[in-house]
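Chains as they are written, first to last, in my numbering: chain A, 3 to 254; chain B, 437 to 722. Even for Gly, the Cβ is constructed at its ideal location relative to N, Cα and C.
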Amino acid sequence: MIGDASNLSSRAIQLGFLALLVGAWQLLSSLGTISPLLLPSPDSVRIAFVKLVESGQFWSSLRVTGSTVLQAWAIAMIAGSAAAYAITRSRFLVAVFEPVIAGIFAIPLTLLFPLYILFLGIGPSSKVAYAATYGFFPVALNAIAGFSAVKEHYLRAAHSMGASAFATFRHVMLPASFPIILTGIRISFFITFASVLGGETLSSVTGIGKRIALAAELMEPAEMFAWIVFVIVFSVATNMVLSMLESRASAQ
Amino acid sequence: MNKMTPAGQIVSSQTAAISIQNVRQQYPGRHSSAAVLALDDISLDIPRGEFVCLLGPSGCGKSTLLNIVGGLIKPTAGKVQVSGRTIDGPSPRDIAFIFQESTLLPWYTIRENFHVSFKFSRIARSEWQSRTEEALAAVGMSRFIDHYPEQLSVGMRQRVNLARGIALGTDIILMDEPFAALDEQTRMVLGEDLSELLAKTGKTIVFVTHSLAEAVFLSDRVYVMAARPGRLKTIVEIDEPHPRSPDFMLTTRFGDLRNQLYGLLRDEVREGLQIERKSSAAAGRT
């Protein structure tokens with residue numbers, strides 16, 4: 003019950019912080035010290051957002067970015083867990099590849115983005131490939147940690163009962179490592195999302211990132227802020243949902 | 437085929453359920469000269485329907501031998517035959533394993549754990565339910581069929597674990613110190629139950645333990661092993677019908693047998709301690 007109370011008060015503080023932020027924004031823009039070209043008022047942003055939704059531009063851009071993120075995320079999850087499964091078949095492979103994967107993840111892969119454009123063009127596929135590459139690492143690293151942490155005696159027992167590799171994976175390895183893998187999957191989502199947005203901002207024909215870049219170029223700050231606020235709200239909400247799933251999985 | 441009828445006389449022929457032939461197990465050391473000989477030329481035949489114990493000091497390779505019999509470890513040399521077939525990997529149709537730690541999966545209920553084990557062992561789905569219920573009833577744990585393992589005490593969990601091993605329906609059960617993690621009293625009670633359960637089924641049991649009392653109370657035959665290298669030292673027969681009552685433990689014969697085993701092991705243990713002290717000093721740590 004103490005947990006509940008402290009949880010409640012921390013929620014209240016979080017909401018208060020958010021209100022403070024919006025209040026400061028409103029205050030700064032109504033004082034007129036900052037040009038509305040740089041900081042449009044909350045109300046003009048709201049109006050711009052309604053206009054975006056009504057024009058249909060919101061949904062078409064959301065669809066492009068959304069499907070790019072989902073494809074990239076799916077590839078990252080499948081490739082990341084498959085690689086981790088293969089690597090954790092032997093301690094030796096873990097010793098060799100875990101530092102390599104962690105090392106590559108430490109490099110700012112944005113450096114390679116122009117290569118993706120060069121190979122795959124400015125359509126969504128370059129963004130899918132780039133974001134999938136980035137999103138692969140947290141999934142692989144967490145899945146390696148998860149699969150390696152599966153208790154030896156569960157595996158030995160399954161082996162002694164003649165369990166197939168698939169049955170062992172399905173009933174022992176996956177449930178045992180699921181909470182850790184889920185953390186990797188959550189981090190992977192935000193990395194793929196950020197990579198797709200970043201990629202679209204840099205070089206793209208459409209998508210939310212492109213819209214933001216375009217609005218900035220065309221000096222339409224209200225539209226730009228409308229997109230930015232949407233992305234922030236969406237990210238926070240997604241994080242809350244994924245974290246909830248994660249804590250439910252580890253509570254099991 | 438049970439060796440003992442309730443009256444205790446020998447009924448079946450001495451056909452071996454498990455035949456261990458010249459088994460040698462060597463583990464590679466850090467250097468080629470440091471290779472460890474875990475088992476040195478072990479040969480023994482375990483008769484069908486017998487309850488036998490492998491007893492010995494730590495490092496005598498008794499668990500290794502059990503794992504070789506179960507097909508979990510491939511021996512460096514020699515072979516193991518079960519019902520005339522050479523063991524080459526786990527054989528879930530003939531052999532069930534019960535380990536020291538409960539291997540019930542915490543994310544499944546007891547029922548689901550049994551079902552997954554049956555799935556692993558490729559037992560027909562139609563039998564899952566009845567086998568689960570019967571085995572749990574046999575150990576008096578039917579009430580807990582839909583509980584998760586964490587909801588049970590350590591002793592209850594190991595009881596369920598035992599029931600699962602039996603439910604797999606194999607002729608042979610290998611037990612690797614199944615009661616080692618339990619307190620003395622729980623251990624005694626589970627031992628009594630095990631003696632009673634297995635007297636009815638006629639299964640062949642190989643039981644690894646370092647408890648002298650457990651070895652005497654449960655086995656028809658105790659294989660006493662020596663360490664460094666692991667080898668068979670002697671065989672002690674315990675001629676007492678199953679199921680055994682706790683009164684057996686109060687008899688002078690029980691005490692004598694226990695002392696006899698202790699006498700056989702004492703020097704081994706002393707020697708082992710010295711070797712350990714020497715080798716850790718040489719390694720320059722701990």
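On the three-state DSSP scale, how would you describe residue i?
| i | result |
| --- | --- |
| Ile36/A | coil |
| Pro455/B | Residue 455/B is actually Ser in this sequence, not Pro. If DSSP states are grouped into helix, strand and coil, Ser455/B belongs with the strands. |
| Asp612/B | strand |
| Gln28/A | helix |
| Gln621/B | helix |
| Thr645/B | strand |
| Glu586/B | helix |
| Val575/B | coil |
| Glu672/B | Position check: residue 672/B holds Val in this sequence, whereas Glu was assumed. If DSSP states are grouped into helix, strand and coil, Val672/B belongs with the strands. |
| Arg91/A | coil |
| Leu598/B | helix |
| Tyr698/B | helix |
| Glu632/B | helix |
| Leu184/A | helix |
| Ala151/A | coil |
| Leu541/B | coil |
| Pro493/B | coil |
| Met246/A | helix |
| Met175/A | helix |
| Arg158/A | helix |
| Pro116/A | helix |
| Pro42/A | coil |
Per DSSP, residue i is paired with what?
| i | result |
| --- | --- |
| Arg667/B | Ala662/B |
| Gln461/B | Leu475/B |
| Pro483/B | Ala452/B |
| Val238/A | The partner list for Val238/A (beta bridge, DSSP) is empty, contrary to what the question assumes. |
| Ala513/B | Arg460/B |
| Ala532/B | Ile609/B |
| Val518/B | Ile454/B, Arg521/B |
| Thr640/B | Ile608/B |
| Val488/B | Val642/B, Arg657/B |
So residue i contacts chain B; which residues on that side make the cut at Cβ distance below 9 angstroms?
| i | result |
| --- | --- |
| Val130/A | In chain order: nothing, as chain B lies at least about 34 angstroms away. |
| Val152/A | Correct list: empty, because the minimum Cβ distance to chain B is about 11 angstroms. |
| Ala169/A | Val552, Lys555, Phe556 |
| Arg287/A | With chain A covering only 3 through 254, there is no way to say anything about residue 287/A. |
| Ala145/A | Simply none; closest approach about 17 angstroms. |
Can you pull the chain B neighbours of residue i, defined as C-beta to C-beta under 7 angstroms?
| i | result |
| --- | --- |
| Ala165/A | Phe556 |
| Val55/A | In chain order: nothing, as chain B lies at least about 43 angstroms away. |
| Val1/A | Since the displayed chain A opens at 3 and closes at 254, residue 1/A lies outside it and no answer follows. |
| Val14/A | With the sequence shown as reference, residue 14/A is identified as Ala, and Val is not the correct amino acid for it. Residues of chain B passing the Cβ test: none, with the nearest at roughly 34 angstroms. |
| Arg93/A | Those do not exist, as Arg93/A stays about 15 angstroms from chain B at its closest Cβ, beyond 7 angstroms. |
Give the residues of chain A in contact with residue i, contact being defined as C-beta atoms less than 9 angstroms apart.
| i | result |
| --- | --- |
| Gly506/B | Ser162 |
| Phe550/B | Near Phe550/B there are no residues of chain A at all, since even the closest Cβ is about 11 angstroms away, more than 9 angstroms. |
Does the distance from the C-beta atom of residue i to that of residue j stay below 9 angstroms?
| i | j | result |
| --- | --- | --- |
| Ala574/B | Arg600/B | no |
| His155/A | Thr539/B | yes |
| Val652/B | Leu701/B | no |
| Ala453/B | Pro464/B | no |
| Leu654/B | Cys489/B | yes |
| Thr606/B | Pro528/B | yes |
| Glu563/B | Phe554/B | yes |
| Leu143/A | Glu100/A | yes |
| Leu610/B | Val505/B | yes |
| Tyr136/A | Thr194/A | yes |
| Arg567/B | Ala603/B | yes |
| Leu502/B | Leu697/B | no |
| Gly200/A | Phe138/A | no |
| Arg595/B | Leu626/B | yes |
Report back the beta-carbon spacing between residue i and residue j to the nearest angstrom; my notes put them in contact at under 8 angstroms.
| i | j | result |
| --- | --- | --- |
| Ser197/A | Ile119/A | Going by Cβ atoms, the distance from Ser197/A to Ile119/A rounds to 13 angstroms, so no, they are not a contact pair. |
| Gln462/B | Leu480/B | Gln462/B to Leu480/B, Cβ: 19 angstroms. No contact. |
| Val459/B | Pro493/B | Not a contact, Cβ separation roughly 19 angstroms. |
| Ala616/B | Cys496/B | Contact doesn't hold; Cβ gap of about 15 angstroms is too wide. |
| Val231/A | Val47/A | 6 angstroms |
| Val66/A | Thr208/A | 5 angstroms |
| Ala26/A | Ala228/A | With a Cβ gap of about 19 angstroms, Ala26/A and Ala228/A do not count as contacting. |
Starting from residue i, find everything on chain A with Cβ-Cβ shorter than 7 angstroms and list it in chain order.
| i | result |
| --- | --- |
| Pro528/B | Met163, Gly164 |
| Thr645/B | Within chain A, no residue comes near Thr645/B; the closest Cβ sits about 18 angstroms away, beyond 7 angstroms. |
| Ser553/B | Met163 |
| Phe615/B | None at all; the shortest Cβ gap to chain A is about 16 angstroms. |
| Phe684/B | Here the premise fails: no neighbours, minimum Cβ distance about 31 angstroms. |
Since residue i meets chain A, which of its residues come closer than 8 angstroms, beta carbon to beta carbon?
| i | result |
| --- | --- |
| Glu537/B | His155 |
| Phe580/B | The premise fails here: Phe580/B is roughly 19 angstroms from chain A at the closest Cβ pair, so nothing lies under 8 angstroms. |
Chain B partners of residue i, CB-CB under 8 angstroms?
| i | result |
| --- | --- |
| Ala97/A | Result: empty, since nearest Cβ-Cβ is about 17 angstroms, beyond 8 angstroms. |
Name the chain C residues that come within less than 9 angstroms of residue i, Cβ to Cβ?
| i | result |
| --- | --- |
| Ala26/A | Among the protein chains in the structure shown, which are A and B, there is no chain C. |
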